[in-house]
Amino acid sequence: MKVSEKVIEKVLAACALLTILTTVGIILVLVVEAISFFKEVSIVDFLTDTEWTPLFTQKSYGILPLLSGTLLTTVIAISVALPVGLVIAIYLNEYASKRFKKIVKPLLEILAVVPTVVYGFFALMIVTPLLQNIIPQLSGFNALSPGIVMGIMIIPFVSSLSEDALSAVPGSLREAAFGMGSTRFQTAFRVMVPAASSGIIISAILAISRAIGETMIVAIAAGQQPRFTFDPTVPIETITAYIVQVSMGDVPYGTLAYKTIFAAGITLFVFTFILNNISYWIKTRYQEKYE
Amino acid sequence: MNSRVAHRYDDQLFRGMGVTATVSCLAILIIFIGFILYQGMDRLSWEFMTSLPSRFAERSGIYTAWAGTLWVMVCTTLISFPVGVGAGIYLEEYGKKGRLSTLLEINIANLAGVPSIIYGLLGLEVFVRFMKMGSSILAGALTLSLLILPIIIVATREAVRAVPKTIKEASFALGASKWQTIWNQTLPASFGGILTGVILAISRAVGETAPLIVIGALAYVPFAPSGPLDEFTVLPIQIFNWVSRPQHEFVINAAAAIIVLLLITFVLNGVAVYLRYRWQQKLKW
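So the protein lines, in turn, are chains A and B. Residue numbers for the first sequence follow our numbering, so the first one is 1 and each next one is one higher. Residue numbers for the second sequence follow our numbering, so the first one is 1001 and each next one is one higher.
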């Protein structure tokens, strides 16, 4: 009896340890392949060259064009998702009736479960043609349209995380503000939002990390042309879209072109890893505890 | 007096913004889905579901794609369900508060934020190359399992935590061992919550495209897979392939395939939401 209990505990522990193994595996795979990449390409060129053409005859290995593409779509996505998501969260928590909230929340969640490849279709087939009516010089592939669509996709993510943070603030704080004669607006922005600020900041950071790692929308609608630019109307390529582009083609195993996806991958991983850890750190250090 | 009027104005303005933002999001959702239905509904037929892919858009179907999706879904469930639930139970019931459990906790929070395409790179090196599985269903299912493990673990922990201590203590008092208590009391009591989490995770896996492209799942597969070591394609990859083509007929095919993919996703999510609702109703100990 005692033995089987011990065995079961070991098996369960092994399941939990698998998650550590996954992290170790990811880091190991990325580092090993990246090291072998940097044996052939100098790390200075990689970080400063403004051309990324590993699949052409004239090869250059500068990550800056992919970084600028990623940054551009991320900034556009966040400037859509953050304000809209926050307004929705504050509205649902401070203004809307309970019934309205109960109906609207699950509907908003639908936006979050639509597969990303479907959003790519929307960006290419609906949003780009629509934007071309407003901005005639907009190219058929561009950063603007996938950026906006990515933002729409992230809205429920921001709003539900921020709302959790807002609803964790005790009602007594709100009642105290009302008691002092504050309007709903003053209560929301001078009491509730500051009280929930760490949770709201975490939702923003995680949204950025999401946008950086998003793949299919940009692979479909942004064009696959690495370009060192911050112009949202021309075709660009993000780090993630480049990895997809290479994977769709026939790049032989072990070649330098094959290793580029790991060099791109480790760059991506470093950014999201830092952002995720910052958010975790804020959560443990600054999360307001209300009893 | 003036400032009070201004504050009232702020209040109304923000209320207007809130309603606008919420309603616009829902409107966009309706427009998107309406557009898809409008484009793809006519193409959807029994023939479309049962045909193999072809160079000619009108003859192409999604048989290999949805068969692949089904295979991947079943294999991913079989792998991730026991492992994820096991890990969740360990962390909640056995993992003593210590350095290891803190490390595990940070690690899982981190894994949940790793972009899915990075899991693809891991799967490519470890399952496809190192373990020599090739670009098979098994390699794909293992990759997706690692991807959704954090979701299942977090859901399991929450469900297990919600079980009242009194039930466990009563079980111990009757002489049950730790595992007997977990197996006979904790798990049945938390199963609704766990199942909800697992279904949501599976629905996420069904929609994933990037990691499967990276491990080398093909855009064109002439036959439906017949075993876990076969090459495969899935619905999202088929959609991606069709969207990328310039001809309009393929775009219509993509829209039709999207209807099928959305149907699968929405049904899974609907079931999960229903189970959560039922479970919360029952949750009055």
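Glycine included, C-beta positions come from ideal geometry on N, C-alpha and C.
- The C-beta distance from A/P232 to A/I103 rounds to 35 angstroms, too long to meet the 8 angstroms contact threshold.
- With its beta carbon at least 7 angstroms from every one in chain B, A/F37 lies outside the interface.
- According to the DSSP assignment, A/F37 belongs to the alpha helix (DSSP H) that extends over K2 to F38.
- By the Cβ test, the segment 1223-1230 of chain B is not in contact with the segment 1024-1036 of chain B, since fewer than three Cβ pairs between them sit closer than 8 angstroms.
- When DSSP states are grouped into helix, strand and coil, B/E1231 belongs to the strand group.
- Taking a C-beta distance under 7 angstroms as the contact criterion, A/I243 and B/I1033 do not qualify as a contact pair.
- Against chain A, the beta carbon of B/L1146 has neighbours under 7 angstroms at T22, listed in chain order.
- Put simply, the CB of B/T1022 is near chain A, with a gap under 7 angstroms to one of its CB atoms.
- With respect to chain A, the C-beta atom of B/I1258 has a partner C-beta closer than 7 angstroms.
- Boundaries for A/P226: no alpha helix (DSSP H) harbours it, and the DSSP string shows neither H nor E there.
- Assignment of A/Y253 by DSSP, reduced to helix, strand and coil, places it in the coil class.
- With its beta carbon at least 7 angstroms from every one in chain B, A/V149 lies outside the interface.
- Of all residues in the segment 1173-1192 of chain B, the ones placed with a Cβ closer than 8 angstroms to any Cβ belonging to chain A are S1177, K1178 and W1179, in chain order.
- At a C-beta separation below 7 angstroms, B/M1017 has these neighbours in chain A: V87.
- The Cβ-Cβ distance between A/I205 and A/L275 falls below 7 angstroms.
- Three or more Cβ pairs drawn from the segment 1197-1216 of chain B and the segment 1229-1241 of chain B lie within less than 8 angstroms of each other, which places the two stretches in contact.
- A direct Cα-to-Cα measurement between A/K259 and B/N1107 gives close to 26 angstroms.
- Looking at the DSSP output, B/S1136 bridges to B/E1231.
- Against chain B, the beta carbon of A/Q186 has neighbours under 7 angstroms at H1007, listed in chain order.
- Per DSSP, the unbroken alpha helix (DSSP H) holding A/S209 starts and ends at S197 to G213.
- In summary, the residues of the segment 1081-1094 of chain B whose CB is separated from some CB of chain A by less than 9 angstroms are P1082, V1083, G1084, V1085, G1086, A1087, G1088, I1089, Y1090, L1091, E1093 and Y1094, in the order they occur in the chain.
- Contact between the segment 169-188 of chain A and the segment 107-114 of chain A is absent, with fewer than three C-beta pairs closer than 8 angstroms.
- Only buried fits A/F46, as 16 or more other CB atoms lie within 10 angstroms of its CB.
- Within the segment 89-113 of chain A, I90, Y91, L92, E94, Y95, A96, F100, V104, P106, L107, L108, E109, I110, L111 and V113 place their CB atoms closer than 9 angstroms to a CB of chain B, listed in sequence order.
- Fewer than three beta-carbon pairs drawn from the segment 76-86 of chain A and the segment 56-66 of chain A are found closer than 8 angstroms, and the two stretches are therefore not classed as touching.
- Contact between the segment 1236-1254 of chain B and the segment 1168-1178 of chain B is absent: fewer than 3 CB-CB pairs across the two stretches fall below 8 angstroms.
- B/L1268 is positioned such that its CB atom lies closer than 7 angstroms to that of B/I1199.
- Look at B/Y1220 here: in three-state DSSP terms it is coil, with no helix or strand label.
- Contacts with chain A at 7 angstroms (Cβ-Cβ) include B/A1109.
- In the DSSP assignment, A/Y61 is bridged to A/W52.
- Shortest Cα-Cα distance from A/I155 to any of A/S198, A/A81 and A/V41 involves A/A81.
- By the neighbour-count definition (other C-beta atoms within 10 Å, threshold 16), B/Y1119 is a buried residue.
- In this model, A/V127 and B/F1048 are separated by some 27 angstroms (Cα to Cα).
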